[in-house]
Each structure stands twice: as structure tokens, then as C-alpha cells.
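Accompanying notes for the structure given below.
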Amino acid sequence: MNVIKVNSPFEVGRTDIEEIADLTTRAHLMLNIRDVIDHNKWSQKQAATVLRTTQPRISSLKNGEASEFSVGMLITFLVRLGYTSEVTSSKDKIQLELKK
27 MNVIKVNSPF EVGRTDIEEI ADLTTRAHLM LNIRDVIDHN KWSQKQAATV
77 LRTTQPRISS LKNGEASEFS VGMLITFLVR LGYTSEVTSS KDKIQLELKK
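According to our numbering, the stretch in the sequence shown is residues 27 to 126, in order.
So, in C-alpha cells, the structure goes:
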């Protein structure tokens, strides 16, 4: 039996590193938003009000439908949850930090 080792579940069946990076980033952001919603015990309707979106969009977010959201929209949601974003860069690294 051959075993294939991957760093992310998004690597399975994909070879496009840009697509893998995008999906991984969106998944991380979505998990953080979902954690805030769950921590506050908000219904999908309450979360939609806070995030200024619709309940079906919150359902998509909670169901992990990454293709429904851009990285920009997810960052906007995090800002609406009270986070600030800061981007720093150096020669070999770009870092996005979200702080509450």
C-alpha cells in the first residue's frame, strides 16, 4: 500500500499551489469566524445581523463552503467582529495578523 503525505486536505487531488494556498487561507479564516459565532452562542440569524449578511451565507460559512467566500469578504467579517488587521512584510515573508 502506498501512502501519500499531504500538508493540507486541500492538496488532495490538486496540484495548483495558488489554489491550495487560497483554499487553506479561506478555511482558516472561516474556522475563526465560526468559532466566534459558536463562542457567542449566536443563531445563524443573529450572526447574520452582526456580520451584515444573510442567514443563508452564515449557513454556507458554518458548513465550510469555502468557494462561497473570498478572502477579502472573510477579513471584512472578522473586522465586523471587532478584529483589526495588520499586514507586515519583509524580503521573504508576508504576514497578515488579525487582533482583537
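Cβ atoms here follow ideal geometry from the backbone N, Cα and C, with glycine treated the same way.
In the structure shown, L124 falls within a strand segment according to DSSP collapsed to helix, strand and coil. The three-state secondary structure of K88, taken from DSSP, is helix. Separation of the CB atoms of V97 and L55 is rounded to 7 Å, and the pair is thereby assigned contact status at 8 Å.
Taking a contact as a CB-CB distance under 8 Å, the pair A74 and R83 counts as one, their CB atoms being some 7 Å apart. As the crow flies, the alpha-carbon of E94 is around 16 Å from that of R78.
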